[in-house]
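Mind the numbering: the sequence shown is residues 16 to 297 in the working numbering, read in order.
C-beta atoms are modelled at their ideal positions from N, C-alpha and C, and glycine is treated no differently.
First comes the structure, then the notes that go with it.
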Amino acid sequence: MSITALVNQKGGVGKTTVTLGLAAAYAARGRRVLVVDLDPQANATTGLGVYEVIQAIDTALLSDASGSISGVIQRAGWSHPEFATPVDVAPSSPQLAKCEPQLATDMIGAQDRLAVALQGVADRYDDVLIDCAPSLGLLTVNALFAADRVLIVAEPAAWSSDGVDQILLNVNRISERRSGRPQVAGIVINRLGRTRDANHWYGVLSEAHPGLVLDPPVRLRAAVTEAAAMSEPVGALTRDGAAQAAAEFTALSLVLDPEDLVPTDIASSWAQAATAATPGEI
């Protein structure tokens with residue numbers, strides 16, 4: 016079991032689309048997935064096809080009770096036949112924004128509320144993916160304290176490296192105080208287009224953070240945006256670029272979590288699709 020926080024203090028880099036892409040890839044591999052939506056915008060919640068939230072994640076955080084997240088988990092609305100297992104979500108709502116100042120009044124355990132809420136529940140899943148808000152506020156700090164590892168999502172654009180540096184600094188500070196947790200799993204480059212500028216900044220990020228930038232990147236494709244808008248996994252779409260995008264997310268999931276149980280022929284076909292993908296396809 017792993018708990019992964021997907022972070023970047025900068026908004027608009029596509030943390031949610033990467034979260035959803037990985038959730039779909041893990042589910043297709045037969046892994047049990049829980050998505051924790053820790054962003055008040057609740058894009059991961061709606062992207063998973065959950066429109067009627069019974070109880071949101073703020074309820075679990077404010078209760079400060081072990082395993083309290085179990086009371087808010089809902090089954091995602093995805094029903095792709097490719098999935099070997101369904102996806103669960105601890106949904107968000109705009110009310111989560113009001114939760115942060117309330118948590119701040121807890122002088123002792125404000126940063127541990129999510130870790131406490133996940134106790135005894137996370138073990139039911141192979142992968143817990145935390146979609147973080149675009150800030151380093153108390154909600155994101157909760158994600159970092161609960162996580163085993165951090166996946167930094169960045170775009171190949173100017174100033175991206177500065178933002179990544181700040182995240183790495185903060186993660187390392189927490190890790191030093193948490194017996195080496197969380198670890199940095201890597202940096203995934205999202206929305207890599209085929210422009211000279213995009214490839215330049217991709218190179219800049221790779222050189223600035225050797226060994227941390229993961230391969231493959233997630234390329235810029237309209238299919239990924241369309242899938243999120245339709246509340247469907249990208250692999251469920253039949254439009255151009257959808258199969259290649261799904262293959263890239265699967266390849267990324269295999270980089271993060273290699274697993275011998277994945278059938279060789281399926282893994283090979285996904286890898287071939289990712290290799291054959293056309294950069295910047297729209």
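| Check | Outcome |
| --- | --- |
| Exposure label - Y41; buried when at least 16 CB within 10 Å | buried |
| Cβ separation of D146 and L76, assumed to be a contact under 8 Å, to the nearest whole Å | The pair is not a contact, with the Cβ atoms about 15 Å apart (cut-off 8 Å). |
| Identified DSSP bridge partners for D103 | L49, R90 |
| Close beta carbons around A59, own chain, < 6 Å, minus the five adjacent residues each side | T31, T34, V50, D52, D146 |
| V228, DSSP secondary structure in three states | strand |
| Which of helix, strand or coil DSSP assigns to Q56 | coil |
| Spatial neighbours of Q181 in its chain, beta-carbon cut-off 6 Å, leaving aside the 5 residues before and after | none |
| P278 burial status per 10 Å Cβ neighbour count (16 or more: buried) | A caution first: P278 carries a pLDDT of 49, below 50, which makes its placement in the model too unreliable to give a value. |
| Reduced DSSP category for N187 - H, G, I as helix; E, B as strand; rest coil | helix |
| Member of V186, G218, V65, A38 whose CA lies at the smallest distance from the CA of V165 | V186 |
| Residue environment, Q259, which counts as buried when at least 16 other CB atoms sit within 10 Å | buried |
| Contact between the segment 231-241 and the segment 254-269 (3+ Cβ pairs under 8 Å) | yes |
| V270 versus P101: straight-line alpha-carbon distance, rounded | 22 Å |
| 8 Å contact criterion, which L267 and V228 should meet: CB distance rounded | Incorrect: roughly 12 Å between the Cβ atoms, too far for contact. |
| Cβ shell of R128 (< 7 Å), same chain only, five flanking positions each side left out | L76, D79, L118, N157 |
| Cβ-Cβ separation, V233 to A301 (assumed contact under 8 Å), whole Å | Nothing can be reported for residue 301, as the shown portion of the chain is limited to 16 through 297. |
| Q198, enclosing beta strand (DSSP E) - first and last residue | 198-207 |
| Integer Cβ distance of P106 from V131, believed to fall under 8 Å | Contact doesn't hold; Cβ gap of about 19 Å is too wide. |
| For I145, the first and last residue of its enclosing beta strand (DSSP E) | 142-147 |
| Between the CA atoms of A244 and G36 - distance to the nearest angstrom | 13 Å |
| Classification of D275 by the beta-carbon crowding that lies within 10 angstroms, buried from 16 upward | Here D275 scores only 47 on pLDDT, less than 50, and its place in the model should not be relied on; the value that follows carries that caveat. It is exposed - the Cβ of D275 has fewer than 16 other Cβ atoms within 10 Å. |
| 6 Å CB neighbourhood of I84 in its chain, flanking five on each side removed | A75, A105, A132, L133, V136 |
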